[in-house]
Amino acid sequence: MKALYISSSILLSIIAVACSHKSSYTSNESTISNFQIVQTVKSATRNYICKGANAVFADSLPIYSKVHLTIQWPEELGGINIQPLQDSIITAIYETPKTSIDETILAALDSPEGSDTYIMEEIDSIPSEGQTMTLYRDKIASAITFSPSYIVYQIMTASYDGGAHGMTVSRFINYDFDSTRVITPQLAFKAGCDETLLKAIQEQLMAMCQVRSLNELDNYGIFSNQIFVSPEFYLQGYNIVFHYNPYDIAPYSTGSIDVSVPYYTIRKCLSPEVLRLLSSTEI
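Using this note's numbering, read the sequence shown as starting at -13 and increasing by one per residue.
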């Protein structure tokens, strides 16, 4: 019988300022607006031994696989409708999402790294002694930034399939409280603005590296001729942050790169919805 342990705990209640979805208490001239956020941390791990993996890797070492998920699951965000946000998190966790978050976690546990190559046999634990090879897939979903108008979740996946090194990639979910929808690139940016957005990203990269030309970025490990407008972005304060995973625009050794672009430098390219979210002084 498969053993599964999902630990849950209420994580946090956050007080935000000046939010439309709120309860207020007024004393003299001061007003505190409360925006309650209730989340549950769901965590699950499963271990496997890989049958027949030695033939694939031509190695005599026992080969194991571990899959682990930690999900910061939103239960309540100021009383607004968060079903679209929950659906987006479920879809990001597993390529074949199920109806509920728990069912999706269970399905992800059934699909460890290497399961498409060899037979997996579930085990209680992976031996800590002796020489072994352990494949892994870790997935973490967590809120990374918020304002009274929106919240951003990062879905980070770290995996190792037996190659030279592991790989970590991230995607982001920007959720607008007022429209109760996820802000996709199509909703965030006006059509025909790729050239303007690219120029803004290039300028910020040059500022980060303290250089004056694109060609000089090559000296800092940036592939200057491969820079593009990343579809992975998130809102933060008054900025739009474009995220690049390893290999996107730089070698693996550089890691992930975040390019923060002030919204006012690209405001002509932003949709009214994003302008509303980023131009508010109530952050």
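Here a beta-carbon is modelled for each residue, glycine too, at the ideal position from N, C-alpha and C.
Excluding sequence positions up to five before and after Gln58, its CB lies within less than 7 Å of the CB of Leu(-3), Gln25, Val27, Ala127, Ser128, Ala129, all in the same chain and listed in chain order.
Between Glu99 and Lys37, the C-beta spacing is not below 8 Å.
Where Val245 is concerned, the enclosing beta strand (DSSP E) starts and stops at 243 to 248. As the crow flies, the alpha-carbon of Ser265 is around 57 Å from that of Gly116. Per the Cβ contact rule, the stretch 177 to 193 is not in contact with the stretch 152 to 167 (fewer than 3 Cβ pairs under 8 Å). As the crow flies, the alpha-carbon of Ile23 is around 29 Å from that of Arg123.
Taking all protein chains shown into account, Ala94 has 16 or more neighbouring C-beta atoms within 10 Å of its C-beta and is therefore buried.
In the three-state scheme derived from DSSP, where H, G and I count as helix and E and B as strand, Asp234 is classed as coil. Under DSSP, the beta-bridge partners assigned to Thr56 are Ser29, Ile126.
In the same chain as Thr56, and ignoring 5 residues on each side of it, the C-beta atoms closer than 6 Å to its own belong to Ser29, Ile126, in chain order. For the pair of segments examined, the stretch 249 to 261 was found to touch the stretch 169 to 185: the number of CB pairs separated by less than 8 Å reaches three.
Taking a C-beta distance under 8 Å as the contact criterion, Leu92 and Val168 do not qualify as a contact pair.
Contact between Ile243 and Gln212 fails: their C-beta atoms lie close to 12 Å from each other, not under 8 Å.
Cβ-Cβ separation between Val245 and Gln190: approximately 5 Å, consistent with a contact (criterion under 8 Å).
Annotated as distal: Leu47 and Asp162, with beta-carbon spacing of 8 Å or more. Rounded to whole angstroms, the separation of the alpha carbons of Val53 and Arg32 is 5 Å. Just so you know, the alpha carbons of Pro237 and Phe209 end up roughly 8 Å apart. Note on geometry: alpha-carbon atoms of Tyr233 and Gly64 lie some 39 Å from one another. Runs of the alpha helix (DSSP H) lying entirely within the stretch 98 to 186 and spanning at least 4 residues, in chain order: 171 to 174. Cβ neighbours of Val260 within its own chain (closer than 7 Å, five residues either side excluded): Ile169, Ala174. DSSP, read as helix, strand or coil, puts Lys37 in strand. Looking at the backbone, the Cα of Gly152 and that of Tyr50 are separated by about 15 Å. Per DSSP, Gln222 is one residue of the beta strand (DSSP E) stretching across 219 to 222. Note on Ser135: 16 or more other CB atoms within 10 angstroms of its CB, so buried under the neighbour-count rule. Residue pairing by DSSP places Leu63 opposite Ile23 in a beta bridge. Phe228 sits in a strand when the DSSP states are folded into three classes.
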